[in-house]
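> This is the structure I have questions about; it appears just below.
There are 2 protein chains.
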Amino acid sequence: MQVQTRAEKLKLASAARREQGKLELKRQILEAAAHLFSTNGYEDFSLRQVAEAIGYSPTTIYLYFKDKEELLFVMAFEGFRGFGVALQHAYDSAPPAERIWHIGRAYVDFALANPVQYRLMFMQRSDYLARPAPECYTDFIDSFGVVTKAVAEAMKRGEIKLRDPQETATLLWVNVHGLASLVLTNSHLTPENIEPLFHWMMQMLQREMSV
Amino acid sequence: MQVQTRAEKLKLASAARREQGKLELKRQILEAAAHLFSTNGYEDFSLRQVAEAIGYSPTTIYLYFKDKEELLFVMAFEGFRGFGVALQHAYDSAPPAERIWHIGRAYVDFALANPVQYRLMFMQRSDYLARPAPECYTDFIDSFGVVTKAVAEAMKRGEIKLRDPQETATLLWVNVHGLASLVLTNSHLTPENIEPLFHWMMQMLQREMSV
DNA sequence: TGACAAGATTAACAGTGTTAAGTAAAATTG
DNA sequence: CAATTTTACTTAACACTGTTAATCTTGTCA
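If you read the protein sequences in the order shown, they are chains A and B.
Note that the numbering used here has the first sequence beginning at 1, numbered continuously upward.
Note that the numbering used here has the second sequence beginning at 1001, numbered continuously upward.
See the structure below:
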């Protein structure tokens, strides 16, 4: 490998700077989109409004996202990313014996703290879950995998009964998702008054896993 | 009250016939809409396509439904109606001691048999649940009420532990909805292979309610 | 017959996603 | 430094969408 000439270096630097600018605008689009999405809702979310919000012409967005669908997908995917981080954090920060409980807590808390995103991710466009991640999102945490891991390890430690970890994790998932989506749906269930139900549910699961 | 003249009778009959015709066209619109909805999906569902399908101009639909939103709502509501009927049937046709189990079964079966409607009702447009029923849909079964009733009666009979029936019903609901929506979302879970999970889940709930 | 009402249509508007052609400025090259 | 190419963006246009107002048609009634 030979050293580059000064001109070549400059060229690369400038290219990098421009690339940086592109990334920043992409970021800006995503921010405006997320904001409009959370205020207007899924139904009234429009590309043209996003464009207007950032002061660009509508077609500019197509230079950064293939189409509306992809912009929405990336928004959902940022949700999946944050969601995965939250579950992983719960896994990491809890004593092994309490991991499952903490993950359940983190799951529900995420839904309550990010209702708009949660709805998009798991209710309105749950089909996105089947889609492969967009390129450049390689450092992606498999949320369900976190649960499965916690379950499998608890089994290995003998804290819960030996079963198919995947199936056990699914039963957990069914419960936390069921509760979360019910709270986001039913006005009688509020973030405050679900606490007893959440505790009951988690205790039931814990008991069930032990037996 | 005096007898009507022949002319008055005719008038009424003709008015009734026309009213009948209106109802039939409304029915026709709903059928075409349901069909297009289930083939094209929520995103690509359009009034103009519905109009074309039944051979009317787009604006005709506005003579029968206030707007697209109401047509969609009525479609969802027909789903709620069928859903309520299914749960009620499960309630009626099962021996008292097995009612809860049967209702759970009916819940999940409905979701698997009517995935498109279920998605609309409880995932894509779960906000419809908070909306009051459209007039003329007065004979409406409160699905959650069926569960609550079954639970309350099982408590009275001493089959399950005394608790807040509403909260117990909610825990049941959380589970069946969680499972149903997961199956409709996750391609790894299919109507065939969830049977073990369903049984495990229901047994867990039954155990939990007894303790 | 002529007035009237009901049911449907046409035309139009505003807004949407999306594509192709055009433009101005910046970067690159000889 | 001038010429050329690339880049980032815009304008114009198309094919849709939901929705409204005005119009037409047709059978009903006095």
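Note that CB positions come from ideal geometry on N, CA and C, so glycine has one too.
Return the residues of the segment 167-178 of chain A that lie within a Cβ-Cβ distance of less than 7 Å from chain B, sorted by chain order.
E167, T170, L171, W173, V174, N175, H177, G178
> Taking only three categories from DSSP, how would you classify D1092/B?
helix
> On the three-state DSSP scale, how would you describe T1190/B?
coil
> What did DSSP end up calling N127/A once you bin it into helix, strand or coil?
According to the sequence shown, residue 127/A is Asp rather than Asn. If DSSP states are grouped into helix, strand and coil, D127/A belongs with the helices.
> With a threshold of 7 Å on Cβ separation, who are the neighbours of S181/A within its own chain once the five nearest residues in sequence on each side are excluded?
F122, M123
> Could you tell me which whole alpha helix (DSSP H) segments of length 4 or greater appear in the segment 1054-1111 of chain B?
1068-1093
> Go ahead and pull the three-state DSSP assignment for V1144/B.
The sequence shown places Phe at residue 1144/B, not Val. Note: F1144/B maps to helix in three-state DSSP.
> For the segment 1181-1197 of chain B, enumerate the residues whose C-beta is nearer than 8 Å to any C-beta of chain A, in chain order.
S1181, L1182, L1184, T1185, N1186, S1187, L1189, P1196, L1197
> Spatial neighbours of I1103/B within its chain, please: CB distance less than 7 Å, with the 5 preceding and 5 following residues excluded, ordered by chain position.
L1087, A1090, Y1091, V1146, V1147, A1150
> Can you grab the Cα-Cα spacing for the pair G178/A / R1105/B, in whole Å?
Whole-angstrom Cα-Cα distance: 16 Å.
> Take the Cβ of N175/A as the centre, count every other Cβ of all protein chains shown within 10 Å, and call the residue buried at 16 or more, exposed below.
buried
> Could you tell me which chain A residues have their CB closer than 7 Å to the CB of M1075/B, listed as they occur along the chain?
Result: empty, since nearest Cβ-Cβ is about 16 Å, beyond 7 Å.
> Is there a Cβ from chain A that is less than 9 Å from the Cβ of W1200/B?
yes
> Just curious, the alpha helix (DSSP H) that A133/A is in, first and last residue?
Per DSSP, A133/A is not a residue of any alpha helix (DSSP H), being assigned neither H nor E.
> Is any beta-carbon of chain B found at less than 9 Å from that of F122/A?
yes
> Output needed for Q1004/B: all residues of its chain with C-beta closer than 6 Å, excluding positions within five of it in sequence on either side, in chain order.
Interpretation of Q1004/B is limited by its pLDDT of 44, a score under 50 that renders its predicted location unreliable; the figure taken from the coordinates is listed afterwards. Here the set comprises nothing.
> Check the Cβ-Cβ distances between V211/A and every residue of chain B, and say whether any is below 9 Å.
yes
> Near I1061/B, which residues of its chain fall below 8 Å by C-beta distance, leaving aside the five closest residues on each side in sequence?
I1029, L1047, V1050, A1051, L1071
> If I measure Cβ to Cβ from M1201/B and keep anything under 7 Å in the same chain, skipping five residues before and after, which residues do I get?
N1175, L1179
> Among A1113/B, V1074/B, P1115/B, T1059/B, which has the Cα closest to the Cα of Y1128/B?
V1074/B
> Output, in chain order, the set of chain A residues within a Cβ distance shorter than 7 Å of M1155/B.
Simply none; closest approach about 16 Å.
> Using a cut-off of 9 Å between C-beta atoms, extract the partners of A1212/B located in chain A.
In the structure as shown, chain B starts at 1001 and stops at 1211, and residue 1212/B therefore has no counterpart that could be examined.
> Out of L1025/B, P1165/B, E1159/B, which one is the CA nearest neighbour of Y1064/B?
L1025/B
> Got a sec? Which residues, its chain only, sit under 8 Å from I1141/B by beta carbon, not counting five neighbours each side?
Apart from the 5 residues on each side of it in sequence, I1141/B sits with its Cβ closer than 8 Å to the Cβ of R1081, G1084, V1085, L1087, Q1088 in its chain, given in chain order.
> Using a Cβ-Cβ cutoff of less than 7 Å, which residues in the same chain neighbour A1034/B once the five nearest sequence positions on both sides are dropped?
M1075
> Which same chain residues, not among the five before or five after P1165/B, have their C-beta less than 6 Å away from its C-beta?
Sequence-distant Cβ neighbours of P1165/B in its own chain, meaning closer than 6 Å and more than five residues away, are T1148, V1151, A1152.
> Looking at chain B, is there any beta carbon in it that lies within less than 9 Å of the beta carbon of L205/A?
Taking Cβ atoms only, chain B reaches closer than 9 Å to L205/A, which makes this a yes.
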